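Scroll down for the structure; my scribbles are underneath it.
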Ligand SMILES: [Fe+2]
Ligand SMILES: [Fe+2]
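In the working numbering, the protein residues as written are 11 to 197.
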């Protein structure tokens with residue numbers, strides 16, 4: 011369904027950013043000097059794209075639509091979906107806090123300390139996206155009827171329009187630039 015496809019499509023640049031972050035961590039661990047502004051640019055990408063654009067749509071459009079449709083389902087399905095949503099929301103909160111903590115450590119007196127939280131952040135973003143694709147989106151497609159799904163797709167488009175095409179392009183350019191520097195062969 012269109013709503014799942016649009017979320018899955020946005021997981022791709024998030025995964026690309028995770029690969030860049032992992033490379034930054036490896037470089038820092040090998041003793042190479044840390045370019046705080048480049049790492050910060052990646053964290054800014056994650057803040058605006060992964061959180062403000064992507065996670066916000068899941069939290070304000072998809073999750074509430076799923077909760078609303080649960081009253082018509084069996085108690086078991088209702089319980090499973092509620093638990094799944096709670097778990098994913100906890101991970102969104104953890105992502106936000108890891109981005110913030112990594113940024114603080116990056117600009118502290120010992121920027122090398124950023125590697126621990128950056129590694130946790132990379133792992134969480136990647137496992138979270140895989141879990142949504144494996145469990146949440148198929149479940150949502152099963153639960154929501156086609157008119158609810160169409161309504162979701164429309165509301166996602168409206169949220170994207172509010173986020174702005176120019177801002178999205180700017181963030182994607184930022185990611186490409188970081189990829190060309192940290193993953194020269196892939197860019
Ligand atoms: Fe999510
Ligand atoms: Fe997601």
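All C-beta atoms in this analysis are idealised placements derived from N, C-alpha and C, irrespective of residue type, glycine included. Being a predicted model, the structure only gives us computed values, none of them experimental.
Original post:
Any heavy atom of ligand 2 closer than 7 Å to the CB of residue 17?
Top reply: Residue mapping note: residue 17 aligns to position 7 of the chain shown, counting from 1. A heavy atom of ligand 2 is found nearer than 7 Å to the CB of residue 17.
**OP:** Could you name the residues whose beta carbon sits closer than 6 Å to any heavy atom belonging to ligand 1, keeping them in chain order?
**Re:** One residue after another in chain order, those with a Cβ under 6 Å from a heavy atom of ligand 1 are 65, 68, 98, 102, 138, 142.
Subject >> residue 147 beta carbon less than 8 Å from that of residue 18 >> reply: Against the chain shown, residue 18 aligns to sequence position 8. Against the chain shown, residue 147 aligns to sequence position 137. Going by C-beta atoms, residue 18 is nearer than 8 Å to residue 147.
**OP:** For residue 11, name the three-state secondary structure that DSSP assigns.
**Re:** The sequence position of residue 11 within the chain shown is 1, counting from 1. Correct three-state label for residue 11: coil.
Original post:
Run through DSSP, which three-state label would residue 45 get?
Top reply: Taking the chain shown and counting its residues from 1, one reaches residue 45 at position 35. Here residue 45 sits in coil by DSSP.
Subject >> Reduced DSSP secondary structure (H/G/I, E/B, other) of residue 20 >> reply: By one-based count along the chain shown, residue 20 stands at place 10. Taken through DSSP and simplified to helix, strand or coil, residue 20 comes out as helix.
**OP:** Work out the CA separation of residue 191 and residue 95 for me, nearest whole Å.
**Re:** Sequence index remark: in the chain shown, residue 95 carries index 85 (1-based). Sequence index remark: in the chain shown, residue 191 carries index 181 (1-based). Spanning the two alpha carbons is a distance of roughly 37 Å.
Original post:
Would you say residue 21 touches ligand 2, meaning its beta carbon is less than 7 Å from a heavy atom?
Top reply: Counted from its first residue, the chain shown places residue 21 at position 11. For residue 21, the Cβ falls inside the 7 Å cut-off from some heavy atom of ligand 2.
Original post:
Hey, residue 83 and residue 24 are a contact pair by Cβ (cut 8 Å); roughly how many whole angstroms apart?
Top reply: One-based indexing of the chain shown puts residue 83 at position 73. One-based indexing of the chain shown puts residue 24 at position 14. Contact between residue 83 and residue 24 is ruled out by a C-beta separation of about 30 Å, above the 8 Å threshold.
**OP:** Would you give the residue range spanned by the alpha helix (DSSP H) that residue 89 belongs to?
**Re:** Locating residue 89 in the chain shown gives position 79, counting from the first residue. Membership of residue 89 in the alpha helix (DSSP H) is indicated by the continuous run 85–116.
Subject >> residue 56 versus residue 124 - alpha carbon distance >> reply: The residue you call residue 56 lines up with position 46 of the chain shown. The residue you call residue 124 lines up with position 114 of the chain shown. Those two C-alpha atoms are separated by around 15 Å.
Original post:
Taking the continuous alpha helix (DSSP H) assigned at residue 185, which residues delimit it?
Top reply: Counting from one through the chain shown, the residue named residue 185 turns up at place 175. Residue 185 -> alpha helix (DSSP H) spans 175–192.
Original post:
Could you give the distance in angstroms between the alpha-carbon of residue 144 and the alpha-carbon of residue 137?
Top reply: Position 134 of the chain shown, counted from the first residue, corresponds to residue 144. Position 127 of the chain shown, counted from the first residue, corresponds to residue 137. Between residue 144 and residue 137, the C-alpha separation is close to 10 Å.
Subject >> Residues of its chain near residue 32, where Cβ-Cβ distance is below 6 Å and the 5 sequence neighbours each way are ignored >> reply: The residue labelled residue 32 in the question sits at position 22 within the chain shown. Around residue 32: 132.
Original post:
Excluding sequence positions up to five away, which residues of its chain have a Cβ less than 6 Å from the Cβ of residue 12?
Top reply: Stepping through the chain shown from its first residue, residue 12 is reached at position 2. For residue 12, same chain residues with a beta-carbon under 6 Å away, outside a window of 5 residues either side, are 163 in chain order.
**OP:** Helix, strand or coil for residue 119, going by three-state DSSP, please let me know.
**Re:** Position 109 of the chain shown, counting from 1, holds the residue named residue 119. Of the three classes helix, strand and coil, the one that applies to residue 119 here is coil, per DSSP.
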